[in-house]
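First up is the structure itself, then whatever we jot down about it.
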Amino acid sequence: MPVHNHEIAERFTRLANLLEIEGENPYRVRAYRNAARTIGGLSANIADLVSEEQDLTRYPGIGKDLAAKIRTLVRSGELPDLTETEERVPTELSDLMVIEGLGPKGVRALYKKLNVDSLEDLEEAARAGRIHEVERFGEKTEKAILEEIEKIRSGGKKRTRLADAEEVARPLVAYLAEAEGVEAIEVAGSFRRRKETVGDLDILASCGDSGPVMERFVTHEDVTEVVSRGSTRSTVRLSSGMDVDLRAIHGRSYGAALHYFTGSQAHNIAVRQRGLERGYKVNEYGIFAHDRDEEPVAGATEEEVYGRVDLPWIPPELREDRGEIQAAEKGALPRLVTRKALRGDLHAHTNATDGADSLRDMARAAAEAGHEYLAITDHSKRVSMAHGLDADRLRRQGEEIDRLNEELNGITLLKGSEVDILEDGRLDLPDDVLAGLDVTVCSIHYRFNLPRDKQTDRIIRAMDNPHFRILGHPSGRAINEREPFELDMERLVEAAAERHCALEVNAQPARLDLRDMDCMLARERGAKLVLSTDAHNTYNLGLLGYAVDQARRGWAEAGDVINTRGLEDLRALLRRG
DNA sequence: GCCGTTTTCGGCCCGACTGTTTTCAGTCG
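All residue numbers for the first sequence refer to UniProt numbering, where the first residue is 1 and numbers rise by one.
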């Protein structure tokens with residue numbers, strides 16, 4: 001029986017794929033896809049909402065019909081529409097849709113003509129040269145299909161972590177900016193929305209003549225393949241495996257193009273819909289009054305574009321069609337937290353445990369980063385792999401911190417610990433030791449696989465300890481490596497709010513944990529956030545911006561984040577009432 | 001199948017590029 005949101009989303013995506021292959025009404029297909037997207041991006045657990053008999057139609061894209069189907073699916077484990085559809089078309093056809101260049105029409109044709117209904121069949125047919133004999137298929141397509149299958153078999157096609165994408169994007173943009181005629185250039189797409197992972201990079205350049213920049217792009221030394229090439233758009237594959245799109249546009253269209261290519265797609269559709277309601281056609285070249293398509297009425301800046309549909313400019317991090325348009329309409333957009341608003345970092349390690357640098361070096365680097373305070377939170381003893389500190393070593397570290405604080409100017413070191421939450425919910429250090437600390441970051445490093453209720457109870461029991469201040473990397477996920485552990489995030493967030501415990505947004509590129517949607521949930525339920533680096537060396541202190549990104553995607557304002565406070569306010573907050 | 005400061009019916013975003021074609025369908029973002 002499917003319990004997880006992503007399993008429910010997967011069923012609806014499969015249903016959408018199969019119906020599309022059958023040639024069903026495309027709007028009905030889209031409705032299923034939209035529902036899958038909504039469900040996949042939901043913080044609350046759908047199965048819980050169903051058992052609590054909550055109204056599912058309050059979620060976008062879910063109407064009476066779909067709400068009933070979801071209830072049936074959760075209760076019986078079956079989606080009758082999917083079962084019926086699978087009696088008519090092989091369910092594996094849905095898997096073929098992941099092949100790039102192969103859409104519903106192509107899958108249908110190959111099934112009808114060659115009886116291809118699995119990845120294995122497809123590979124065999126391609127190798128035997130039977131694909132290019134089918135109408136509208138040629139030798140190139142056949143070859144591309146084989147290459148795609150190869151890629152899937154070798155496990156490729158993962159999305160790239162934001163920080164990894166950044167490493168590729170920054171130098172590439174600098175390189176392209178030197179092309180003749182480039183007036184402005186920036187990365188759009190999910191990168192600009194600061195999503196935790198990006199599929200490919202969308203770079204937008206404004207210029208008069210696109211020739212030079214396109215030429216410079218496709219001849220970059222890291223390019224292994226030019227996937228497509230045109231005067232306004234080209235796509236290349238880099239040696240890192242990432243795909244990059246470059247779009248060239250005239251300056252008068254720059255804002256419209258930036259808006260268009262920043263997305264998300266769902267946000268764009270909503271904005272364009274508003275355009276239509278006001279008699280405008282919105283595309284990447286500008287906003288056009290209907291019936292006349294010569295000159296755009298707006299388009300040089302994003303502000304103009306939003307202005308024409310009667311909205312204020314919306315920050316890219318919010319453009320996910322998660323209510324930002326309604327909020328903008330009411331003038332109720334959040335004033336998102338910024339990197340500059342942060343006064344310090346509340347999670348850092350030293351070479352006393354698994355960090356690389358000394359207390360003194362960490363302090364100096366934090367001062368250079370402009371921090372007012374830095375909490376030293378080395379591991380507790382349970383994390384033996386990292387030489388976790390016992391009570392005695394922690395006490396000695398505290399004395400060293402006292403000495404350094406006497407000596408340092410402009411930065412205060414806070415005494416802390418990243419205390420392990422043990423399996424039974426106790427903390428890994430005695431209460432009298434914890435009582436002597438300024439801050440505790442309480443985290444799980446062992447037993448990730450407890451059942452959902454047990455894991456949730458474990459953390460909440462730990463929060464009952466009055467020395468519990470901050471829940472470190474709450475979901476435990478590692479992007480592209482480890483799924484978050486099973487948690488009732490709603491119950492957890494509510495428990496944190498009641499007990500005045502803060503939730504960490506960990507800036508480590510592989511963590512970014514809390515996730516954006518959980519930040520949103522925390523904000524809704526009144527739980528405070530902390531944006532921290534979990535630095536293991538001095539350079540890591542510079543990662544803080546990644547935590548800011550995720551918090552912004554979760555609509556967080558400075559007031560939702562405790563490390564926007566000055567030291568005295570912060571100390572008061574950490575006392576937990 | 002969803003959705004509604006024009007609507008409970010009749011709409012539903014829009015353009016570029018490719019491959020396979022001689023004018024365009026399919027796919028993608």
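Virtual Cβ for every residue (Gly too), placed ideally from N, Cα, C.
Let me make sure I understand the geometry here. Which of the options has the alpha-carbon closest to that of residue i?
i	options	result
Arg-216	Leu-172, Ser-253 and Glu-186	Leu-172
Glu-84	Ser-118, Ala-165 and Arg-14	Arg-14
Val-89	Ile-21, Ile-62 and Thr-262	Ile-21
Ala-356	Ile-562, Asp-534, Gln-54 and Gly-545	Asp-534
Leu-521	Ala-497, Gln-508, Glu-406 and Thr-538	Ala-497
Ser-239	Thr-219, Ile-460 and Asn-540	Thr-219
Asp-209	His-250, Thr-262, Glu-196 and Ser-228	His-250
Glu-92	Glu-568, Glu-180, Leu-19 and Lys-158	Leu-19
Asp-560	Val-441, Ala-205 and Val-337	Val-337
Asn-17	Glu-7, His-4, Tyr-32 and His-6	Tyr-32
Gly-323	Ala-9, Glu-124 and Ala-266	Ala-266
Leu-42	Gly-425, Leu-66 and Ala-9	Ala-9
Gly-307	Leu-146, Arg-274, Glu-183 and Ala-495	Arg-274
Gly-540	Leu-408, Asn-506, Thr-232 and Val-98	One detail in the question is off: residue 540 reads as Asn in this sequence, not Gly. When only C-alpha atoms are compared, the closest one is Asn-506.
Pro-296	Ile-401, Phe-288 and His-467	Phe-288
Arg-278	His-259, Phe-261 and Val-305	Val-305
Val-271	Arg-58, Gln-326, Val-227 and Ala-163	Gln-326
Arg-499	Glu-196, Asp-516 and Asn-465	Asn-465
Ile-39	Val-3, Asn-25, Pro-26 and Glu-52	Val-3
Glu-407	Leu-359, Glu-133 and Leu-570	Leu-359
Arg-525	Ala-44, Ser-384 and Gly-545	Ala-44
Ala-369	Asn-351, Arg-75 and Arg-339	Arg-339
Glu-52	Asp-65, Arg-71 and Ser-417	Arg-71
Ala-174	Ala-205, Phe-191, Gly-189 and Asn-5	Ala-205
Got a sec, what are the start and stop residues for the beta strand (DSSP E) residue i sits in?
i	result
Ile-249	243 to 249
Ala-44	Looking at the DSSP string, Ala-44 is not in any beta strand (DSSP E), and its letter there is neither H nor E.
Cys-501	Per DSSP, Cys-501 belongs to no beta strand (DSSP E) and is neither H nor E.
Ala-289	286 to 289
Tyr-280	280 to 283
With respect to the alpha helix (DSSP H) encompassing residue i, which residues constitute its N-terminal and C-terminal limits?
i	result
Glu-215	211 to 218
Lys-195	It is not in any alpha helix (DSSP H) - Lys-195 carries neither H nor E in the DSSP assignment.
Phe-261	254 to 262
Ile-401	391 to 407
Leu-176	162 to 177
Asn-17	5 to 22
Ile-149	139 to 153
State yes or no: is the C-beta of residue i within less than 9 angstroms of the C-beta of residue j?
i	j	result
Gly-199	Thr-160	yes
Lys-381	Leu-427	no
Glu-481	Ala-510	yes
Ala-547	Leu-573	no
Arg-319	Ser-253	no
Arg-553	Cys-519	yes
Ala-256	Asn-283	yes
Leu-389	Asp-378	yes
Glu-186	Leu-258	yes
Ala-248	Leu-201	no
Phe-137	Ala-109	yes
Asp-243	Thr-235	yes
Tyr-280	Asn-268	no
Arg-458	Ile-444	yes
Thr-141	Ile-131	yes
Leu-119	Glu-372	no
Starting from residue i, follow its DSSP beta bridges and name the residues at the other end.
i	result
Asp-345	Leu-374
Glu-186	Leu-204
Gln-413	Correcting the residue type first, residue 413 is Leu in the shown sequence and not Gln. The partner list for Leu-413 (beta bridge, DSSP) reads Leu-374.
Asn-228	For the record, residue 228 in the displayed sequence is Ser; it is not Asn. Ser-228 is bridged to Thr-235.
Lys-535	It should be noted that the sequence gives Ala, not Lys, for residue 535. Its beta-bridge partners are Ala-348.
Glu-418	His-379 and Val-441
Just confirm the distance between the C-beta atoms of residue i and residue j, as a whole number of angstroms; I'd bet it's less than 8 angstroms.
i	j	result
Glu-225	Glu-148	Not quite, the Cβ-Cβ distance comes to about 13 angstroms (not below 8 angstroms), so this is no contact.
Glu-317	Arg-193	6 angstroms
Glu-483	Arg-477	6 angstroms
Val-419	Glu-504	Contact doesn't hold; Cβ gap of about 13 angstroms is too wide.
Trp-313	Glu-302	6 angstroms
His-349	His-536	5 angstroms
Glu-180	Pro-212	4 angstroms
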